[in-house]
Every structure is written in C-alpha cells, then in structure tokens.
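K.L.:
Quick one: the structure is below, and I'll ask about it shortly.
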Ligand SMILES: [Fe+2]
Ligand SMILES: [Fe+2]
C-alpha cells in the first residue's frame, strides 16, 4: 500500500501554498494511523500540544520520585528496600526518555526544567499528597502506577513516533510497579490487624486522588477533543477513569480491602461499575498549588537541580573533550 509517509515532505519553506499542501499530507498520515516523526512537517498547535503533554508527563515522573523515595531509608526489609530503590530509579529513567522525546520537538531539557521550576508547567497533582505510612508505597504502586498504566497503554499508539515508542518501554516497567504495589498491599492485608488497618487507611487516602489522575470530566477538559482528533489521545478522560474503576474493584476484593466509596456498585445495564461523585474542588485546589505538599515538592526539586549542577558541568566538559568540542548538548 502506498502510504502518505512516502510522499511526505521533509520541511515546509514557509509559503502559504506549502503550508496547505503539507497540512494535507499531515492529516492523511494521521488518518492512516501512521506515525509523525521529528523531521516531518506538523501544525504548530500539534507540536505545542505534544510539548505541553510530554513535558507534564516527564515532570510527573521525576517529581513522583519524591513521595516514594521518602520511604527508602525506612523500608521494612532489604528485599523491600531493593525493590523500592529500583522503582524510584525507573521513574528517573522514564523522565529521561520523555525529556528526550520532547527534545525531538525542538525544545531543550533546560527550558522544560526551567518552566517546571518557575511553575509555568505542571506535573500530576497526585504527587502533592504525602506518604504517611509504609502502606502508602503499596497504595501508590497499585493505584497510582495502575492509573498511569491505564492512561499510558493507549499512548503507545500515539500519532507522534518518539512519544509512542517511549511509552512502550515505560508501560512495561509500570506493570512491574503496579504488581509490586499489589503484592506489598497483599502482604500487609494478610498480616497483623494493625498491618491490615494500615493498608486499608492507605487505600482510603489514595483512591480518590487516583481517580482524579485521569483529569477533569470530558465536558470540562480543555484539550481533549483536539488531542483525540490528532490521535495523541485515543480515549477520553471519563472512559479511562471508568476502565480503571472496573479493573480495581475485583482487585480490591482479592486484596481483602474495600474502596472508600459507598456508591460503588455494579451496573448490569451499563456493564460497568457506578461510582460516587469526585471532589473536583479538591482537584483544582491541588492543581493551583494548594495541595498538602506542592511547596515541598518544588523546593526539593529545585534544590536537587542546583546540587546536581556540577554533575551536568562535568558531563558537558567530558562530552566536549571526547567529541572535539561539539558534543556538549545538555547543560
Ligand atoms: Fe513512571
Ligand atoms: Fe511507575
């Protein structure tokens, strides 16, 4: 089959006629489910949407290291400590793939980090909640990584090639994260009454913020319709949220834990679980910066960035030396 990609021009030279022709090629490629690659022409708004989404995703990966890293020194066994360290490192790696994907769109990692540090770009609101007990590590793995997978599996088919390919690798690792969280909670749930209560308390606190991770309801989601038309997103926020609830209900039963929603019940007619109203006021407040840990997360991030300056300088100097002065790309 002849594909749109075969006729795809490398670059537009800026004339109006070119822009129309290139847009038609872009539209055809998206319609044919082909991947858009970095050197292909793409609408400015498509590029800007991807940069915003990939940056927010990358920021979430690295900020998300903090609530769990909080428990590394206090993990209850060497096995749990090794697992948690590996997981937190994986999240750093996810950030790296994603900043790399954003760079293919012509934006530097420096620029994105600067926007994060000055509050001009966001990260997922879920990471502004505190990790109060060891069971929170399990609840995050099961629910937060679980919600992330539900969101991210369809992104493996995103129309932008580098993002889609990064997601394939990330989703494989997220599956491990979800399983380790489930296994940790299962061990606590089957442990002493105190351990069971600790697991239940963690699930009670993380359940609703996890449902908020899918973003506002479809009728209030500013970018959803356009992102779906461009095949960046494949499913709406509400669809993905429903899918997540349906997955979690039987898993909670197997864990011997309950989900903190009195309205949660199977709806035979819809073939899905009904669930209670989400407190969107809380969501918008946390997003605005008024969550329990917003300030702490950003302060710690900026401090880590400053303390890492000498590593970046050394890496740049090393690269320059070994590439004859042409290799230093990242500050
Ligand atoms: Fe991740
Ligand atoms: Fe993860």
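In our numbering, the protein residues as written are 1355 to 1685.
Ideal Cβ placement from N, Cα and C applies to all residues, glycine included.
Since we're looking at a predicted model, the values are computed, not measured.
Within a Cβ cutoff of 6 Å, which residues of the same chain sit near residue 1577, ignoring the five residues on either side of it in sequence?
P.N.:
Once the five neighbours on either side are set aside, residue 1577 has no close Cβ partner at all.
K.L.:
Please report the residue range of the alpha helix (DSSP H) in which residue 1413 lies.
P.N.:
1398 to 1417
K.L.:
Using a Cβ-Cβ cutoff of less than 8 Å, which residues in the same chain neighbour residue 1599 once the five nearest sequence positions on both sides are dropped?
P.N.:
1565, 1618, 1626, 1627 and 1629
K.L.:
Please state whether DSSP places residue 1476 in a helix, a strand or coil.
P.N.:
In this structure, DSSP gives residue 1476 a state outside helix and strand, which the three-state scheme calls coil.
K.L.:
Please name the residue, chosen from 1434, 1396, 1481 and 1474, that lies closest to residue 1637 on a Cα-to-Cα basis.
P.N.:
1481
K.L.:
Beta-carbon within less than 7 Å of residue 1651's beta-carbon, same chain only, minus the 5 sequence neighbours each way: which residues are those?
P.N.:
1417, 1420, 1481 and 1482
K.L.:
Does the beta carbon of residue 1422 fall short of 7 Å from some heavy atom of ligand 1?
P.N.:
no
K.L.:
Residue range of the alpha helix (DSSP H) that residue 1638 falls in?
P.N.:
1634 to 1639
K.L.:
Does at least one heavy atom of ligand 1 sit under 7 Å from the Cβ of residue 1524?
P.N.:
At least one heavy atom of ligand 1 is nearer than 7 Å to the Cβ of residue 1524, so yes.
K.L.:
Give the straight-line distance between the Cα atoms of residue 1438 and residue 1430, rounded to the nearest whole angstrom.
P.N.:
11 Å
K.L.:
Output yes or no for whether 8 Å exceeds the beta carbon distance between residue 1492 and residue 1539.
P.N.:
With respect to the 8 Å criterion, residue 1492 and residue 1539 are classified as neighbours on the basis of their beta carbons.
K.L.:
Give me the DSSP bridge partner(s) of residue 1496.
P.N.:
Under DSSP, residue 1496 forms no beta bridge with any residue.
K.L.:
If you measure from the CB of residue 1617, is any heavy atom of ligand 1 nearer than 7 Å?
P.N.:
No - ligand 1 has no heavy atom lying nearer than 7 Å to the Cβ of residue 1617.
K.L.:
Cα separation between residue 1366 and residue 1461?
P.N.:
The predicted model places residue 1366 with a pLDDT of 49, which falls under 50 and marks its position as unreliable; any figure quoted below should be read in that light. Cα-Cα distance, rounded: 19 Å.
K.L.:
Which runs of the alpha helix (DSSP H) at least 4 residues long sit entirely within the segment 1507 to 1556? Give them in chain order.
P.N.:
1515 to 1543
K.L.:
For residue 1502, is the beta carbon positioned less than 7 Å from some heavy atom of ligand 2?
P.N.:
It does: the Cβ of residue 1502 is within 7 Å (strictly closer) of some heavy atom of ligand 2.
K.L.:
Sorted by chain position, which residues of the same chain lie with C-beta nearer than 7 Å to residue 1661's C-beta, five sequence neighbours on each side aside?
P.N.:
none
K.L.:
Cutting at 6 Å between CB atoms, please list the residues of its own chain near residue 1424, excluding the five before and the five after it.
P.N.:
1485
K.L.:
Can you check DSSP and say which residues form a bridge with residue 1620?
P.N.:
1627
K.L.:
Determine, using beta-carbon pairs with one atom in the segment 1380 to 1389 and one in the segment 1438 to 1451, whether at least three such pairs fall under 8 Å.
P.N.:
They do not touch, by the three-pair rule.
K.L.:
Going along the chain, which residues of its own chain have a beta-carbon closer than 8 Å to the beta-carbon of residue 1506, five neighbours each way excluded?
P.N.:
1521, 1524, 1525 and 1528
K.L.:
If distances are taken between C-alpha atoms only, which option among 1422, 1435, 1475 and 1612 comes closest to residue 1408?
P.N.:
1475
K.L.:
If you run the structure through DSSP and keep just helix, strand and coil, what is residue 1503?
P.N.:
Note: residue 1503 maps to helix in three-state DSSP.
K.L.:
Unbroken alpha helix (DSSP H) runs of length 4 or more, entirely within the segment 1552 to 1613: which are they?
P.N.:
As far as the segment 1552 to 1613 is concerned, its whole alpha helix (DSSP H) runs of at least 4 residues are 1578 to 1583 and 1591 to 1609.
K.L.:
Would the beta-carbon of residue 1459 fall within 8 Å of that of residue 1404?
P.N.:
Closer than 8 Å, so yes.
K.L.:
What residues are listed by DSSP as bridge partners for residue 1700?
P.N.:
Absent from the structure is residue 1700, since the part of the chain shown begins at 1355 and ends at 1685.
K.L.:
Our contact map puts residue 1567 next to residue 1501 with C-beta atoms below 8 Å; I'd like the distance itself, whole angstroms only.
P.N.:
4 Å
K.L.:
Give me the Cα-Cα distance between residue 1448 and residue 1479, rounded to the nearest whole angstrom.
P.N.:
So the alpha carbons of these two residues sit roughly 18 Å apart.
K.L.:
Would you check if the distance between the CB atom of residue 1655 and the CB atom of residue 1513 is smaller than 8 Å?
P.N.:
no
K.L.:
In the DSSP assignment, what are the bridge partners of residue 1390?
P.N.:
1514
K.L.:
According to the neighbour-count rule (16 or more other Cβ atoms, all chains shown, within 10 Å of its Cβ), is residue 1355 buried or exposed?
P.N.:
Confidence at residue 1355 is low in this model, with a pLDDT of 38, below 50, so its placement is unreliable and the value that follows should be read with caution. Burial is judged here by how many other beta carbons sit within 10 angstroms of a residue's own beta carbon; residue 1355 has fewer than 16 and is exposed.
K.L.:
Should residue 1374 be labelled buried (16 or more other beta-carbon atoms within 10 Å of its own) or exposed?
P.N.:
Exposed, because fewer than 16 other Cβ atoms sit within 10 Å of the Cβ of residue 1374.
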